[in-house]
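Below you'll find the structure, written out as C-alpha cells, and then a few comments.
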Amino acid sequence: MERDFDVIVVGAGGAGLSAAVTAARQGARVLILDSDKQVGGSSRLATGVLYAAGTSVQRAKGIDDNPDAMFHYCMALNAYNAQPSLLRTLCDRSADAVEWLISLGVEFRPEDLYVAGVDTVARGHRAANNGVEIIQALDQAASLAGATVSLNTRVRKLLTDGDGHVCGIDVDGEQVRSGAVVIATGGFGNNSEMLARYYPEASACESLWYIGTPHARGDGLTLGKSVGADLTGFDQGLLEMSPQMVKELDSYLPGWLIYVNRDGRRFIRETGAYAVMSGVILKQVGKEAFVIFDEAARAAAKVIVTYKPLAPSWTADRLAEFIKEGKIVQGNTIEELAENVGIKASTLATTVENYNADCDAGVDTMFFKDPSHLKPIRKPPFYARRIRPGLISLTATGLRIDRHTHVLNEADRPISGLFAAGETASVLPARYMAGGASLSNNTVFGRIAGEAAARHAMSNS
Ligand SMILES: Cc1cc2nc3c(=O)[nH]c(=O)nc-3n(C[C@H](O)[C@H](O)[C@H](O)COP(=O)(O)OP(=O)(O)OC[C@H]3O[C@@H](n4cnc5c(N)ncnc54)[C@H](O)[C@@H]3O)c2cc1C
C-alpha cells in the first residue's frame, strides 16, 4: 500500500518528540502531529527534572550510582506492585536518556542534583531552564532530522488494513498512511469523565485541579481502544497535596509548619517528598490534615527561593490576608484553635507541647525533620489551615505496552504497527517514585518507540 510517511507520531510532547527525533535519525520519514498550537504539552510546563541513575552529571559530583539500585528502590517503594520489565528498562536506560538530552544541548548542572524521592541518592537531574529547554532542544533536533510537524491537528482516528495492522491516521476525513504509528498524546488529567472512570482516588477529591496541558484529554487511550488495545494501571497517577487557598502551584509548604490530623497528632515528616505525601494524607481521618503555626512564624514568613519560588503564598502579608478572609482559622490558645477547626484539642495541646520541647532541644524526636526547620509554636494567635490532596500532575492509567513499546491487546499480543510512550502508556506504578520519573519515562520510552516504529515501518516497506 502506498504510504505518505514511514512513521506517524501523534502528540509532540516529550515522548512524541523523542520518538520523532529517534525515528527520523534512523532514516524514517516522520510526521508528527499535535492538537495544540505549539509543541511541548505538559513537558513544556514541567520543572524539567529527570530521575536517573549512573549519569556523567552524578559522577561529576562524586556520586556513585547505578540502575540496579534505582530499580530496587522503585520496586521496594511500590511493594512490588509494579511492572518489573518496564521499570527495569526505565532504570537501565535513564542515564542514557540524560546523556542524550545533554548531547542535544540541554544543560544539567551537577550542583542542581537533588534527592528527588524517599531514597538517599541524588538522582533528580534538573534542566537548567526547566521543561522548556528540553522541549526546545527536542524540537530543534526533530526539525534537523527532517521530521515534518503539523500543529493544530487533533487526531481522532487510526487506520487499519484488512489484517488489523495499524497503517495511518484519519484527520477530519483526510487519510495519511504510514508504516507505523506512535501514540504519545499524554495523559487524561483534563478529562473529568476519564478521571472518574480510571483515577477515582483523584476524582473523589474536592476542588480538584489538573495542572498540566488542557490537551490532556486521554485521546491516546481512546485511539488505542478503538483498535483493541488493553488498558492498565487503574487508579494511578500523581496527586499532590495543597492548602488550596489560591489557584497557585503550592504543594511545597514551608518546613516550619507542622501537619496534624483530626486526632491532633503529627503523622509524617512535614518536609517529606511529594511522592509519598498525598498517599499518607489520604490514610488520615477524613483524607485531610491541618497545618498549624503561630504568629511568630506568620510574621517571619517569606518566599522560599531555591531554583524557583516555592510556596509563593506563604509570606507574612499574604498570610495576613488569608487570615482576614477566613481562609486560615485562628485561636488565642491551642485548645481554642483546635475547637475552631474541629481537631481533638487535648491531643493537639500535647502534640504542640512535645514539638516545642523538641524545638528547644534542636531534635525532632518523632519525625526527624531537619533541625533548621524547628520553630516552636508559642506566640498567639495560633493558626490552622486544612490541606488535602487535590492537584493532579499526571495520570498513569494507560495503554498496556511491552518493553519495546508495542501496544498490546487484551491477550497480550502486539497490535501490529502501533507503539505508545509517555503518559499515554502505563509504565509508572501506583506510588510515584520520585520527582523526574515522568520525564525519564517519556524520554526513555519515547526513544524506544521511535526506534521500534522506524524498524517496523522500514522492514515492512
Ligand atoms: C507543572 C508541571 C510540572 C511538572 N514537572 C515535572 C518534572 O520536573 N519532572 C517530571 O518527571 N515530570 C513532571 N511533570 C509531569 C510531566 O511533565 C508529564 O507527565 C510529562 O511531560 C508527560 O509527557 P508526555 O510526552 O507523555 O505528554 P505531553 O508532554 O503532555 O505531550 C502530549 C502531547 O500530545 C498532544 N495531544 C493530545 N491529544 C492529541 C491528539 N488527539 N492529536 C494530536 N496531539 C494530541 C498534546 O497537545 C501534547 O502536546 C510535571 C507536570 C506539570 C503539569
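The numbering of the sequence shown is my numbering, which starts it at 973 and goes up by one.
Ideal Cβ placement from N, Cα and C applies to all residues, glycine included.
This one's a predicted model, so the numbers in the text were calculated from it and none came from an experiment.
- With a cutoff of 8 Å on beta-carbon distance, Glu1220 and Ser1250 are scored as not near each other.
- Beta-bridge annotation (DSSP): Gly1209 is paired with Thr1367.
- DSSP places Trp1228 outside both helix and strand once states are collapsed to three, so it counts as coil.
- DSSP places Asp1289 inside the alpha helix (DSSP H), whose first and last residues are Ala1288 to Lys1296.
- Placement of the Cβ of Thr1125 at a distance of less than 7 Å from at least one heavy atom of ligand 1 is found.
- Looking from the CA of Val1148, the closest CA among Leu1400, Ala1406 and Val982 belongs to Val982.
- For His1378, the secondary structure class from DSSP, reduced to helix, strand or coil, is strand.
- Assignment of beta strand (DSSP E) within the stretch 1294-1365, counting only whole runs of 3 or more residues, yields 1301-1303 in chain order.
- The residue from Leu1400, Arg1189, Cys1063 and Gly1034 with its alpha-carbon nearest to that of Asp1040 is Cys1063.
- Short note on Gly1140: C-beta not closer than 7 Å to any heavy atom of ligand 1.
- Note on geometry: alpha-carbon atoms of Asn1101 and Ile1107 lie some 10 Å from one another.
- Leu1203 is positioned such that its CB atom lies no closer than 8 Å to that of Leu1309.
- Inter-segment contact for the stretch 1330-1344 and the stretch 1248-1264 is absent: fewer than three beta-carbon pairs are separated by less than 8 Å.
- DSSP, reduced to helix, strand and coil, places Pro1172 within a helical segment of the structure shown.
- If the five residues before and after Leu1073 are omitted, its C-beta is found closer than 7 Å to the C-beta atoms of Ile1106, Ala1109 and Thr1415, all from its own chain and listed in chain order.
- The C-beta distance from Val1199 to Phe1391 rounds to 12 Å, too long to fall under 8 Å, and the pair is not in contact.
- Annotated as distal: Met1405 and Gly1151, with beta-carbon spacing of 8 Å or more.
- Counting C-beta atoms within 10 angstroms of its own C-beta, Arg1065 has 16 or more neighbours from the protein chains shown and is therefore classed as buried.
- Ranking Ala1425, Thr1243 and Arg1189 by CA distance to the CA of Gly1161 puts Arg1189 first.
- Arg1350 and Asp1330 have their C-alpha atoms spaced approximately 13 Å apart.
- Nearest in C-alpha terms to Asp1374, of all of Asp1144, Asp1336, Ile1141 and Phe1417, is Phe1417.
- The closest heavy atom of ligand 1 lies 7 Å or more from the beta carbon of Glu1146.
- Within the model, the alpha-carbon separation for Lys1296 versus Asp1289 is close to 11 Å.
- Between the alpha carbons of Gly1205 and Ala1402 lies a distance of about 8 Å.
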